[in-house]
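Trainee: Below: one structure in structure tokens.
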Amino acid sequence: MEQLYHFSAPGRTEISGNHTDHQHGCVLAAAVDMQTQAEVRLNGTHLILIDSEGFAPVTVDLDDLSVHESEKNTTAALVRGVAAAFQARGCKLCGFDAKVRSTVLPGSGLSSSAAFEVLIGRILNGLFFENKLSAIEIAQIGQYAENVYFGKPSGLMDQMASSVGGLVFIDFADPRAPIVEKVDFDFAHCGHTLCIIDSHASHADLTDEYAAIPTEMKQVAAFFGKEVLNDVDEQAFYASLPALRESCGDRAVLRAMHFFEENQRVKFQVRALHNDNFSAFLTYVNDSGRSSWLKLQNVTALGAAKHQEMAFTLALCKKLLNGEGAVRVHGGGFAGTALAFVPNDRFAEFKAGVEQTLGEGSCHALKIMD
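In this text, residue positions in the sequence shown follow the numbering used here: the first is 1, and each later residue adds one.
Written out as structure tokens, the structure is:
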């Protein structure tokens, strides 16, 4: 009987650092108890065959690992991109069959795509490369596949949090060698339940909205002759506001303001957790959500009026929390989920209130996993 191999990768939650990673800033993220798992058998061919539960099977020929424009935004593109990156590092790949199942909710902001990329990376690393690559390198390969082959201009946080595991502070000042530090804090004993709330908004047709955020931030950086905002002097930025507004427009300037504040806020949150000051941490979570809504503007798509699911979800959660806990937009924004910290003794009532309005299964409690 052929040997059966087992691999897995977790979903991730963004605790803080909303749209800071692609500007080489700081994030606080965590792997969570929703997994993408695979049963793998070598098949003796040059074909990778992926059978993901609930999706059409995917076949990738290892003899052709070039970018396929027709594959953009598909699972095949991610597989081909990860395989190409391993091959470029000298890895000799062989074909395999993988049966994949996942409890990471698609479109949930828990990064099902990043978990899948990390999963494929772990398979290739384990079966064909003697586990030579680190968790950080596997994350970087996942981002490469998503950027170049899939066609989505994502940062590195999603893949990094999934690949490294646990609660991590990541400084992307040098994205080729990011600083990754585990944060020693036991969320299980903080008196609050970490959860995500599904807004039921669709990610369809939002690529331009997502892409505009790093594009506009980089326009501001370019004003100072820099590539990303992390390389811009903050005092020089504020001293140049009149010229920046004229050159880049108000939304770009507001988004840059969000970056500078959010980047510093991540560091404050890590400090609060190190000092076991959870109330201060919650204040920063709420501040992050307010900044994302007012300055980053990734809650409601431009021109949307009738459909403002994310804005409604945040407003509903704030009403149900009634001044306790914290809530913020989660991940890329515009669609997907909100992130909330709910006092344990109010969670049942909070969940019931959310699901009475948004539907059963709209509120999911999470646990941070190593």
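Ideal Cβ placement from N, Cα and C applies to all residues, glycine included. The structure displayed is predicted, hence computed values, not measured ones.
Count the other CB atoms, across all protein chains shown, that sit within 10 Å of the CB of proline 242; report buried if there are 16 or more and exposed otherwise.
Mentor: Taking the first residue of the sequence shown as position 1, residue 242 is located at position 242. Burial call: exposed.
Trainee: Check whether the Cβ of aspartate 208 lies closer than 8 Å to any Cβ atom in chain C.
Mentor: Looking at the structure shown, chain C is missing, and only one protein chain is on hand.
Trainee: Cα-Cα, which of Tyr5, Asp184, Leu93 and Ala338 is closest to valine 329?
Mentor: Working through the sequence shown from its first residue, we reach residue 329 at position 329. Nearest option by C-alpha distance: Ala338.
Trainee: Nearest by alpha-carbon distance to tyrosine 5: which of Leu42, Gly25, His24 and Pro175 is it?
Mentor: As a working note, residue 5 is residue 5 in the sequence shown. Closest option to tyrosine 5, Cα to Cα, is Leu42.
Trainee: Kindly list the residues whose CB is nearer than 7 Å to the CB of alanine 272, restricted to its own chain and excluding five residues on each side of it in sequence; keep chain order.
Mentor: Residue mapping note: residue 272 aligns to position 272 of the sequence shown, counting from 1. If we look at alanine 272 and ignore the five residues flanking it on each side, its Cβ neighbours are Ala280, Phe281 and Tyr284.
Trainee: Are the CB atoms of glycine 121 and alanine 30 within a distance shorter than 8 Å?
Mentor: Position 30 of the sequence shown, counted from the start, is the residue given in the question as residue 30. Position 121 of the sequence shown, counted from the start, is the residue given in the question as residue 121. Against a cut-off of 8 Å, the Cβ pair of glycine 121 and alanine 30 comes out as no contact.
Trainee: Where does the unbroken alpha helix (DSSP H) through cysteine 317 begin, and where does it stop?
Mentor: Reading the sequence shown from its first residue, position 317 is the one you call residue 317. Its alpha helix (DSSP H) spans residues 309 to 321.
Trainee: Rounded to whole angstroms, how far is the Cβ of leucine 229 from the Cβ of alanine 236, which I believe are closer than 8 Å?
Mentor: Taking the first residue of the sequence shown as 1, we reach residue 229 at position 229. Taking the first residue of the sequence shown as 1, we reach residue 236 at position 236. In fact, because the Cβ distance is near 12 Å, the residues do not count as touching under 8 Å.
Trainee: Our contact map puts glycine 11 next to alanine 139 with C-beta atoms below 8 Å; I'd like the distance itself, whole angstroms only.
Mentor: Position 11 of the sequence shown holds residue 11. Position 139 of the sequence shown holds residue 139. The pair is not a contact, with the Cβ atoms about 14 Å apart (cut-off 8 Å).
Trainee: Note down, in chain order, each residue of its chain lying with its Cβ closer than 6 Å to the Cβ of valine 67, except the 5 sequence neighbours on either side.
Mentor: Counting from one through the sequence shown, the residue named residue 67 turns up at place 67. Taken in chain order, the residues that qualify are Tyr149.
Trainee: Relative to the alpha-carbon of leucine 119, which residue among Met34, Asn147 and Asp63 has its alpha-carbon at the smallest distance?
Mentor: Here residue 119 is taken as the residue at index 119 of the sequence shown, counted from 1. When only C-alpha atoms are compared, the closest one is Met34.
Trainee: Might you give, ordered along the chain, the residues of its own chain that have their beta carbon closer than 6 Å to the beta carbon of alanine 252, omitting 5 neighbours on each side?
Mentor: As a position in the sequence shown, residue 252 is number 252, starting the count at 1. Contacts found: Glu216, Gln219 and Val220.
Trainee: Enumerate in chain order the residues of its own chain whose CB-to-CB distance from threonine 411 is below 6 Å, with the five nearest sequence positions on each side excluded.
Mentor: The question about residue 411 has no answer here: the residues shown for the chain are numbered 1 through 370.
Trainee: Glutamate 181 lies in the beta strand (DSSP E); which residues open and close that run?
Mentor: By 1-based counting over the sequence shown, the position of residue 181 is 181. Taken as a continuous stretch (DSSP letters only), the beta strand (DSSP E) holding glutamate 181 covers 179 to 182.
Trainee: Give the single residue among Gly332, Ala212, Glu261 and Pro153 whose Cα lies nearest to the Cα of lysine 72.
Mentor: Numbered from its first residue, the sequence shown carries residue 72 at position 72. If we check each option's Cα against that of lysine 72, Pro153 comes out closest.
Trainee: Quick one, are the C-beta atoms of phenylalanine 172 and glycine 25 less than 8 Å apart?
Mentor: Numbered from its first residue, the sequence shown carries residue 172 at position 172. Numbered from its first residue, the sequence shown carries residue 25 at position 25. Yes, these two residues count as a Cβ contact at 8 Å.
Trainee: Using CA coordinates, which residue listed in Ile48, Val100, Gly17 and Glu349 is at the minimum distance from arginine 80?
Mentor: The residue given as residue 80 occupies position 80 in the sequence shown. It is Ile48 whose Cα lies nearest to the Cα of arginine 80.
Trainee: Using a Cβ distance threshold of 8 Å, determine whether the stretch 253 to 268 contacts the stretch 300 to 308, with at least three qualifying pairs required.
Mentor: no
Trainee: Does DSSP put glutamine 37 in a helix, in a strand, or in coil?
Mentor: In the sequence shown, the residue the question calls residue 37 occupies position 37. It is a strand residue.
Trainee: Which residue wins for smallest C-alpha separation from glycine 95, given the options Glu246, Asp61 and Asp233?
Mentor: Mapped onto the sequence shown, residue 95 falls at position 95. Closest by C-alpha distance to glycine 95, out of Glu246, Asp61 and Asp233, is Asp61.
Trainee: Which first and last residues belong to the beta strand (DSSP E) in which valine 100 is found?
Mentor: Here the question's residue 100 lines up with position 100 in the sequence shown. It spans 96 to 102 - the beta strand (DSSP E) in which valine 100 sits, taken as one unbroken run.
Trainee: If we require 3 or more residues per run, which beta strand (DSSP E) segments fall completely within the stretch 247 to 333?
Mentor: 326 to 329
Trainee: In whole angstroms, give me the CA-to-CA distance for phenylalanine 334 and asparagine 147.
Mentor: For the purposes of this step, residue 334 is identified with residue 334 of the sequence shown, where counting begins at 1. For the purposes of this step, residue 147 is identified with residue 147 of the sequence shown, where counting begins at 1. Straight across, the Cα-Cα distance linking phenylalanine 334 with asparagine 147 is about 20 Å.
Trainee: Can you give me the start and stop residues for the beta strand (DSSP E) that valine 60 sits inside?
Mentor: Sequence index remark: in the sequence shown, residue 60 carries index 60 (1-based). Counting along the chain, the beta strand (DSSP E) containing valine 60 begins and ends at 58 to 61.
Trainee: Can you give the Cα-Cα distance for leucine 314 and glycine 191, rounded to whole angstroms?
Mentor: Locating residue 314 in the sequence shown gives position 314, where the first residue counts as 1. Locating residue 191 in the sequence shown gives position 191, where the first residue counts as 1. A direct Cα-to-Cα measurement between leucine 314 and glycine 191 gives close to 21 Å.
Trainee: Can you give me the C-alpha to C-alpha distance between valine 27 and phenylalanine 260, rounded to a whole angstrom?
Mentor: The residue given as residue 27 occupies position 27 in the sequence shown. The residue given as residue 260 occupies position 260 in the sequence shown. So the alpha carbons of these two residues sit roughly 12 Å apart.
Trainee: Quick check on the burial criterion: 16 or more other C-beta atoms within 10 angstroms. Buried or exposed for threonine 75?
Mentor: Reading the sequence shown from its first residue, position 75 is the one you call residue 75. Per the 10 Å Cβ criterion, buried.
Trainee: Compare the beta carbon distance of serine 362 and serine 16 with 8 Å and say whether it is the shorter of the two.
Mentor: Looking up residue 362 in the sequence shown gives position 362. Looking up residue 16 in the sequence shown gives position 16. Contact: no.
Trainee: Out of Leu124, Ala88, Asp97 and Gly90, state which residue places its alpha-carbon closest to the alpha-carbon of glycine 44.
Mentor: Translated into positions along the sequence shown, residue 44 becomes position 44. Taking only the C-alpha atoms, the option nearest glycine 44 is Asp97.
Trainee: Beta strand (DSSP E) containing phenylalanine 208: first to last residue?
Mentor: Your numbering for residue 208 matches position 208 in the sequence shown. A small fix is needed here, since residue 208 is aspartate in this sequence, not phenylalanine. Run containing aspartate 208: none in the beta strand (DSSP E); it sits in the alpha helix (DSSP H), 207 to 223.
Trainee: Which full runs of the beta strand (DSSP E) of 3+ residues lie inside the stretch 130 to 164, going along the chain?
Mentor: You should have found no qualifying run.
Trainee: Alpha carbon to alpha carbon, how far is alanine 239 from aspartate 233? Give it in angstroms, no decimals.
Mentor: Translated into the one-based positions of the sequence shown, residue 233 becomes position 233. Translated into the one-based positions of the sequence shown, residue 239 becomes position 239. Straight-line Cα distance between these residues: approximately 10 Å.
Trainee: Let me know the secondary structure DSSP gives aspartate 64 once reduced to three states.
Mentor: The sequence position of residue 64 within the sequence shown is 64, counting from 1. In the structure shown, aspartate 64 sits in coil (DSSP, three-state: anything other than H, G, I, E or B).
Trainee: What is the residue span of the alpha helix (DSSP H) that phenylalanine 128 lies within?
Mentor: Working through the sequence shown from its first residue, we reach residue 128 at position 128. Looking at the DSSP string, the run of the alpha helix (DSSP H) that includes phenylalanine 128 is 112 to 128.
Trainee: CB threonine 357 to CB leucine 294, shorter than 8 Å?
Mentor: Counted from its first residue, the sequence shown places residue 357 at position 357. Counted from its first residue, the sequence shown places residue 294 at position 294. Not in contact: threonine 357 and leucine 294 (Cβ atoms no closer than 8 Å).
Trainee: Could you spell out the range, first to last residue, of the beta strand (DSSP E) harbouring phenylalanine 169?
Mentor: For the purposes of this step, residue 169 is taken as residue 169 along the sequence shown, with counting starting at 1. Residues 167 to 171.
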